[in-house]
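Student: Dumping the structure here so I can ask a few things about it.
2 protein chains.
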Amino acid sequence: MMMQAGHRRPLFVLYGASMVEYAFRPEGWGAALTNMYSRQADVLLRGYKGWNTRRALEALETIFPKNSPIPPSLVVIFFGTNDAAFPLPSGRGQYVPILEYKDNLRHICSYMMGLSDTTRVILIAPPPIFEEARRTVARVRFGEKAAEYLDRTNERTRAYAEACISVAQEMGAGVVNLWSAIQKKSNWQTECLSDGMHLSAEGGKILLEELLTVIKSENWVPSLIAEHMRSDFTEPSPYDMIHPYLEAAQSCNETALL
Amino acid sequence: MMMQAGHRRPLFVLYGASMVEYAFRPEGWGAALTNMYSRQADVLLRGYKGWNTRRALEALETIFPKNSPIPPSLVVIFFGTNDAAFPLPSGRGQYVPILEYKDNLRHICSYMMGLSDTTRVILIAPPPIFEEARRTVARVRFGEKAAEYLDRTNERTRAYAEACISVAQEMGAGVVNLWSAIQKKSNWQTECLSDGMHLSAEGGKILLEELLTVIKSENWVPSLIAEHMRSDFTEPSPYDMIHPYLEAAQSCNETALL
Chain S
1 MMMQAGHRRP
11 LFVLYGASMV
21 EYAFRPEGWG
31 AALTNMYSRQ
41 ADVLLRGYKG
51 WNTRRALEAL
61 ETIFPKNSPI
71 PPSLVVIFFG
81 TNDAAFPLPS
91 GRGQYVPILE
101 YKDNLRHICS
111 YMMGLSDTTR
121 VILIAPPPIF
131 EEARRTVARV
141 RFGEKAAEYL
151 DRTNERTRAY
161 AEACISVAQE
171 MGAGVVNLWS
181 AIQKKSNWQT
191 ECLSDGMHLS
201 AEGGKILLEE
211 LLTVIKSENW
221 VPSLIAEHMR
231 SDFTEPSPYD
241 MIHPYLEAAQ
251 SCNETALL
Chain Y
1001 MMMQAGHRRP
1011 LFVLYGASMV
1021 EYAFRPEGWG
1031 AALTNMYSRQ
1041 ADVLLRGYKG
1051 WNTRRALEAL
1061 ETIFPKNSPI
1071 PPSLVVIFFG
1081 TNDAAFPLPS
1091 GRGQYVPILE
1101 YKDNLRHICS
1111 YMMGLSDTTR
1121 VILIAPPPIF
1131 EEARRTVARV
1141 RFGEKAAEYL
1151 DRTNERTRAY
1161 AEACISVAQE
1171 MGAGVVNLWS
1181 AIQKKSNWQT
1191 ECLSDGMHLS
1201 AEGGKILLEE
1211 LLTVIKSENW
1221 VPSLIAEHMR
1231 SDFTEPSPYD
1241 MIHPYLEAAQ
1251 SCNETALL
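Those protein sequences? They're chains S and Y, same order as listed.
Per the numbering used here, the first sequence runs over residues 1 to 258.
Per the numbering used here, the second sequence runs over residues 1001 to 1258.
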């Protein structure tokens, strides 16, 4: 709706797990992106906490039907932290083997790129893990003994981050190496992550900055750069704000000219 | 797009002036609404700072074309602060006479209600004005003498707020009396407004609370209440998160049962 004729806006879709689902919490990166493109693009949230790339792949056609009248101009894909969880003996849980993770990402990427000739894709590699905080979370949620078990490690996540980057390069998608970007920040463990895994407001800021860097990079897509995009209704209007003081000052000047 | 078949989501549209355009700034009420309905509804931003109801009316069919494949389920309409500005001798500027303001709101309301049989409308009455802060803003922006000129007063704005409420009642739309709601708060002048006019984070919180109160009121529309709405993909999955400690504890129990 509302995207016809002269005032159809490009559509940006954020597809991912909890770090997308939570992207509109206070100071969230999704909200900030929406604000930045407030008169230029629509941002839709397709975030599903807990999801790995298996679920993301299974739900793909349901969430993103083919031949939609308004295909997205940009899809941001952000999965990996859950895929990188440790495998469990039962075979249940979030873990996805790294080769399958890559394959799933490839399929998702290629599907999104097929939605229209102009749909662009950016992959976000998972952020680093602060293991000590993961143990604390386990202790608080499940009791003292649970702290002996790690659900994921920073090294495992690095491997998934690298896998994500290599898929993006192979597929010609943009990519944000969030695993590295966050670790450049001092005290990233507590400044950029809220529970050793999810992004704090500061972590979200880094993600947004990196995302904009990709969008603005020279070999990417100029039509998605806010500064180059048409803003809705920017023409001057007789109803534009004018302060009573300015009006009075102007009529004095006009009188002086008589 | 992405709103077909089983996973089509209701669409909420926020249509208004700056207090809508800014609704996705940090701690903004639009972002909070999006977060609240994160797996249930899509929220689109149609905010145009400085607009009065004349511009809102003129742009109506461009922004909200008829026979759209996805008409909104809810439209939040938030104009009035600019209409209530003082008239200027030149006839330029934001001011709209109160009777015309009512008439414009009636037209906008009725147009939105005609977008589909199920489109519901909520009008937001303008928030109060803290005049001292308006003078300060004028001084800072235009110099000492400008502080002698007020661009709008709280009493004028009250009249427009009442006009808005009466139109909503007449048209069967929901309504938020933001002018009153904010003034119930102690130190509303500085707590709830950022510059004597726009909403602070606290002011946005009050707006959101009042909006949810309307949505949840008994004679309104149950299908728009988050607690009653279907959330996307809530069925259990073999890939749901399970902590390694729980897995280990469970396999111990199973062993004990053998």
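Beta carbons are placed, not taken as given, at the ideal position from N, Cα and C, and that holds for glycine.
Is it true that the CB of alanine 31 of chain S sits closer than 7 angstroms to the CB of phenylalanine 1297 of chain Y?
Tutor: This structure does not reach residue 1297 of chain Y, given that chain Y is present from 1001 up to 1258, and the question cannot be answered.
Student: Within 10 Å of its beta-carbon, does arginine 1109 of chain Y have 16 or more other beta-carbons around it, so buried, or fewer, so exposed?
Tutor: Per the sequence shown, the amino acid found at residue 1109 of chain Y is cysteine instead of arginine. Burial call: buried.
Student: Where DSSP assigns a beta bridge to leucine 1074 of chain Y, which residues make up the other side?
Tutor: Leucine 1074 of chain Y pairs with Y/Phe1012, Y/Arg1120.
Student: List, in chain order, every chain S residue whose beta-carbon is nearer than 8 angstroms to that of serine 1194 of chain Y.
Tutor: Within chain S, no residue comes near serine 1194 of chain Y; the closest Cβ sits about 15 angstroms away, beyond 8 angstroms.
Student: Give the secondary structure of valine 43 of chain S by DSSP, where H, G and I count as helix, E and B as strand, and everything else as coil.
Tutor: Note: valine 43 of chain S maps to strand in three-state DSSP.
Student: Taking a Cβ distance cut-off of 8 angstroms, strictly less, list which residues of the region 118-135 of chain S are near chain Y, in chain order.
Tutor: The residues in question: there are none.
Student: Ordered along the chain, which non-local residues of its own chain (more than five positions away) have a Cβ less than 7 angstroms from that of threonine 1034 of chain Y?
Tutor: Here the set comprises Val1043.
Student: Are the beta-carbon atoms of phenylalanine 78 of chain S and valine 20 of chain S separated by less than 7 angstroms?
Tutor: Going by C-beta atoms, phenylalanine 78 of chain S is nearer than 7 angstroms to valine 20 of chain S.
Student: Tell me whether threonine 157 of chain S is buried or exposed, calling it buried when 16 or more other Cβ atoms sit within 10 Å of its Cβ.
Tutor: The residue is buried, with at least 16 neighbouring Cβ atoms inside 10 Å.
Student: For a test of the three-state rule: what should DSSP assign to leucine 193 of chain S, helix, strand or coil?
Tutor: Correct three-state label for leucine 193 of chain S: strand.
Student: Are any of the Cβ atoms in chain Y nearer than 7 angstroms to that of serine 38 of chain S?
Tutor: Taking Cβ atoms only, chain Y reaches closer than 7 angstroms to serine 38 of chain S, which makes this a yes.
Student: Sorted by chain position, which residues of the same chain lie with C-beta nearer than 6 angstroms to glycine 80 of chain S's C-beta, five sequence neighbours on each side aside?
Tutor: Closer than 6 angstroms at the Cβ level, and outside the excluded window around glycine 80 of chain S, lie Pro126, Tyr160, Cys164.
Student: For valine 294 of chain S, list the residues DSSP reports as bridge partners.
Tutor: The shown model of chain S, from 1 to 258, leaves out residue 294 of chain S, and the question about it has no answer.
Student: Provide the residue span of the alpha helix (DSSP H) that contains valine 1020 of chain Y, from first to last.
Tutor: That run of the alpha helix (DSSP H) goes 1018-1021.
Student: Against chain S, which members of the region 1215-1247 of chain Y pass a CB distance test of less than 8 angstroms?
Tutor: Answer in chain order: Asp1232, Phe1233, Ser1237, Pro1238, Tyr1239, Asp1240, Met1241, Ile1242, His1243, Pro1244, Tyr1245, Leu1246, Glu1247.
Student: So asparagine 1187 of chain Y contacts chain S; which residues on that side make the cut at Cβ distance below 8 angstroms?
Tutor: Residues of chain S passing the Cβ test: none, with the nearest at roughly 21 angstroms.
Student: Hey, is the region 1201-1212 of chain Y in contact with the region 1135-1155 of chain Y, meaning 3+ C-beta pairs nearer than 8 angstroms?
Tutor: Cβ pair count under 8 angstroms is below three, so no.
Student: By the DSSP assignment, the alpha helix (DSSP H) with glycine 1204 of chain Y in it spans what residues?
Tutor: From DSSP, the alpha helix (DSSP H) with glycine 1204 of chain Y extends over 1201-1216.
Student: Could you name the residues of the same chain whose beta carbon sits closer than 6 angstroms to that of histidine 1228 of chain Y, not counting the 5 residues immediately before and after it, in chain order?
Tutor: Excluding positions up to five away in sequence, the list reads Pro1222.
Student: Give the DSSP-derived three-state secondary structure of valine 176 of chain S in the structure shown.
Tutor: DSSP places valine 176 of chain S in strand when its eight states are reduced to three.
Student: Report yes or no: is there a C-beta of chain Y within less than 7 angstroms of the C-beta of lysine 172 of chain S?
Tutor: Per the sequence presented here, residue 172 of chain S reads as glycine, with lysine not at that position. It does not: the Cβ of glycine 172 of chain S has no partner Cβ on chain Y nearer than 7 angstroms.
Student: Only counting runs of 3 or more residues, tell me where the beta strand (DSSP E) segments fall wholly within the region 1095-1175 of chain Y, in order along the chain.
Tutor: For the region 1095-1175 of chain Y, whole beta strand (DSSP E) runs of length 3 or above, ordered along the chain, are 1120-1124.
Student: Do you know how far the Cα of isoleucine 1242 of chain Y is from the Cα of serine 1231 of chain Y?
Tutor: Going from the Cα of serine 1231 of chain Y to the Cα of isoleucine 1242 of chain Y covers about 21 angstroms.
Student: I want to verify the contact list: residues of chain Y whose CB lies under 7 angstroms from the CB of glutamine 94 of chain S, in sequence order.
Tutor: Within chain Y, the residues near glutamine 94 of chain S are Tyr1239, Met1241.
Student: Could you tell me whether any Cβ in chain Y is nearer than 7 angstroms to the Cβ of leucine 45 of chain S?
Tutor: Output row for leucine 45 of chain S: interface = yes.
Student: In angstroms, rounded to a whole number, what distance separates the CA positions of threonine 53 of chain S and aspartate 195 of chain S?
Tutor: Roughly 22 angstroms between the two C-alpha positions.
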